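K.L.:
Counting from 1, one number per residue, gives the positions in the sequence shown under my numbering. Every residue, glycine too, gets a C-beta built ideally from N, C-alpha and C. Small disclaimer: the values here were computed from a predicted structure and weren't measured. So that we are looking at the same thing, I have put the structure below in structure tokens.
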Amino acid sequence: MDLSLNPKNETLIDKARELARNVLAVHADQCDQEQRFPRESFDALTREGFTRLTLPESYGGQALWSDPVCYAMVFHELSKGCTNTAMTLHMHSSILYFLLTLSDEEQKHRFAEAAENGAIFGSHAGEAASSPQWNRTITTRARKEGDVYVINGQKYFCSMAGEADYYVLWCLLEGVEELKNGLRWAVLDKNLAGITIASRWDAFAMRGTASHSLAYEDVRVPARNIVGTGEGILQPDFVPRFGLGYSAVYLGAGAAALDWIVDYALKRKLLPDNVPIASYPAIQRQIGEMKIAYETALIMIQKAAWVLETQGAAKAIPFINEAKYTASEAAASMTEKALKIAGGPGLLNDKPLQRFHRDARAALVMPPSTEKCLQMASNFVLSQNEAASIF
Numbered sequence: 001m002d003l004s005l006n007p008k009n010e011t012l013i014d015k016a017r018e019l020a021r022n023v024l025a026v027h028a029d030q031c032d033q034e035q036r037f038p039r040e041s042f043d044a045l046t047r048e049g050f051t052r053l054t055l056p057e058s059y060g061g062q063a064l065w066s067d068p069v070c071y072a073m074v075f076h077e078l079s080k081g082c083t084n085t086a087m088t089l090h091m092h093s094s095i096l097y098f099l100l101t102l103s104d105e106e107q108k109h110r111f112a113e114a115a116e117n118g119a120i121f122g123s124h125a126g127e128a129a130s131s132p133q134w135n136r137t138i139t140t141r142a143r144k145e146g147d148v149y150v151i152n153g154q155k156y157f158c159s160m161a162g163e164a165d166y167y168v169l170w171c172l173l174e175g176v177e178e179l180k181n182g183l184r185w186a187v188l189d190k191n192l193a194g195i196t197i198a199s200r201w202d203a204f205a206m207r208g209t210a211s212h213s214l215a216y217e218d219v220r221v222p223a224r225n226i227v228g229t230g231e232g233i234l235q236p237d238f239v240p241r242f243g244l245g246y247s248a249v250y251l252g253a254g255a256a257a258l259d260w261i262v263d264y265a266l267k268r269k270l271l272p273d274n275v276p277i278a279s280y281p282a283i284q285r286q287i288g289e290m291k292i293a294y295e296t297a298l299i300m301i302q303k304a305a306w307v308l309e310t311q312g313a314a315k316a317i318p319f320i321n322e323a324k325y326t327a328s329e330a331a332a333s334m335t336e337k338a339l340k341i342a343g344g345p346g347l348l349n350d351k352p353l354q355r356f357h358r359d360a361r362a363a364l365v366m367p368p369s370t371e372k373c374l375q376m377a378s379n380f381v382l383s384q385n386e387a388a389s390i391f
């Protein structure tokens with residue numbers, strides 16, 4: 001397994017680290033407390049070309065999904081500054097990649113040109129709540145009327161609702177029930193009539209992602225903005241890439257907590273000892289546990305990215321699920337340990353530790369949830385053993 005970085009992309013990681021420290025971290029607490037989209041940070045990323053990471057090079061992009069290890073590390077570094085900014089940029093970057101993969105040549109040129117000029121693609125969202133025990137259904141429908149499609153439905157957890165320039169959503173052609181025949185992507189200008197915010201994102205964690213619910217009532221979308229076919233959209237190359245990015249982003253919250261608490265422990269002194277609390281064995285033990293959990297999760301993310309690059313998405317799915325589980329659990333436990341080490345001061349709103357902890361907890365339920373990841377890991381190992389036992 002070769003995890004060395006492509007030299008042409010390596011500078012992106014350094015730039016991401018610099019932007020995280022000097023821009024994203026500066027605005028992160030305020031955006032969290034005010035529960036607003038990190039517009040200042042996103043604008044800075046746009047100026048530096050980070051909203052074009054997954055565009056083809058012919059459109060001024062980096063084609064970064066061709067280098068999944070670097071992709072994961074860029075978003076991991078950005079997340080250390082602001083988890084919300086990194087997550088929403090990951091959503092935009094992945095949606096844009098999928099969109100250009102599915103589009104015909106005319107659509108590809110049009111969407112790529114929009115992104116090249118700074119347009120944000122977001123709000124790829126879920127359907128009405130349903131049990132994870134069953135396959136999810138698509139209730140948002142598209143009815144063809146001449147040269148337009150009329151969209152009706154409601155979407156939940158719509159990243160960058162009200163902030164993205166284009167909303168990209170799953171929909172099912174009216175009169176068709178099978179996803180492989182009727183599933184389509186619709187690309188909607190956010191200013192189209194009939195789009196409203198049905199309920200606002202008022203959350204414990206990831207408060208700056210603007211993940212409001214959106215209602216679509218008789219929204220008329222030009223036929224040229226209907227993308228893909230059911231079988232194309234359902235190909236295994238797409239969804240796993242979301243999971244890899246989630247893993248990298250959420251582990252970034254844990255890494256930020258580790259950096260913060262190490263600095264705190266080296267400076268914090270308590271009477272009567274008047275020595276840094278970093279000298280206490282109990283503190284050292286917890287920091288050691290955090291470090292090992294972090295390194296374990298990071299190597300699993302990098303391994304999953306390497307498999308994605310060298311063997312394809314279908315082979316990478318179990319590795320991405322395992323990375324998502326490990327990164328989620330690591331981030332949650334690392335931030336919890338950091339809070340315990342800091343004590344009362346760690347809970348104060350003028351310190352970022354409580355934000356790291358809240359954002360890391362979101363990892364446990366962000367699809368695929370940790371429970372779902374374990375189930376899929378079990379299914380994979382059982383199916384492998386079952387196949388082996390046939391011979």
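Which residue or residues does DSSP assign as beta-bridge partners of Asn-152?
P.N.:
Arg-141
K.L.:
What three-state label does DSSP hand Cys-70 in the structure shown?
P.N.:
helix
K.L.:
CB-CB under 6 Å to Ala-205, same chain, minus the five flanking residues each way: which ones, in chain order?
P.N.:
Arg-358, Asp-359, Arg-361, Ala-362
K.L.:
Near Thr-54, what residues of its chain come up, given a Cβ to Cβ distance below 6 Å and the 5 sequence neighbours on each side ignored?
P.N.:
Leu-64, Trp-65, Ser-93, Leu-96, Tyr-97
K.L.:
Between Gly-254 and Thr-335, is the Cβ-Cβ spacing less than 8 Å?
P.N.:
yes
K.L.:
Touch check for the region 185-202 and the region 158-171: three-plus C-beta pairs under 8 Å?
P.N.:
yes
K.L.:
Whose C-alpha, out of Ser-103, Ala-25, Glu-113, Arg-52, is nearest the C-alpha of Asn-84?
P.N.:
Ala-25
K.L.:
What is the residue span of the beta strand (DSSP E) that Ala-186 lies within?
P.N.:
183-189
K.L.:
Look at Ala-216 and Gly-126 and say whether their C-beta atoms are less than 8 Å apart.
P.N.:
Reading off the sequence, residue 216 comes out as Tyr, not Ala. No; because the gap between Cβ atoms is not below 8 Å, this pair is not in contact.
K.L.:
Within the region 217-259, note down every full beta strand (DSSP E) run reaching 3 residues or more, in order along the chain.
P.N.:
none
K.L.:
In three-state DSSP terms, what is Leu-173?
P.N.:
strand
K.L.:
Counting along the chain, where does the alpha helix (DSSP H) carrying Ile-120 start and finish?
P.N.:
First-last for Ile-120: undefined, no H or E at that position.
K.L.:
Could you work out which residue in Ser-213, Leu-3, Ala-161 is closest to Ala-72 when comparing CA atoms only?
P.N.:
Leu-3
K.L.:
Would you kindly check if the distance between the Cβ of Ile-138 and the Cβ of Leu-179 is under 8 Å?
P.N.:
Result yes, Cβ atoms of Leu-179 and Ile-138 sit closer than 8 Å.
K.L.:
Using DSSP bridges, identify the partner residues of Thr-196.
P.N.:
Ala-215
K.L.:
How many Å lie between Tyr-156 and Ile-301 at the Cα?
P.N.:
Taking the straight line from one Cα to the other gives about 28 Å.
K.L.:
Provide the residue span of the alpha helix (DSSP H) that contains Met-334, from first to last.
P.N.:
313-342
K.L.:
For a test of your reading of the model: does the CB of Ser-383 fall under 7 Å from any non-hydrogen atom of the ligand NAP? Yes or no.
P.N.:
Judged by which ligands are present, the structure shown has none, so any question about the ligand NAP falls away.
K.L.:
In this structure, what does DSSP give as the bridge partners for Cys-158?
P.N.:
His-212
K.L.:
Quick check: Ser-247 and Ala-327, are their CB atoms within less than 8 Å of each other?
P.N.:
yes
K.L.:
Tell me the rounded alpha-carbon separation between Glu-309 and Asp-273.
P.N.:
Each residue's Cα considered, the two are about 52 Å apart.
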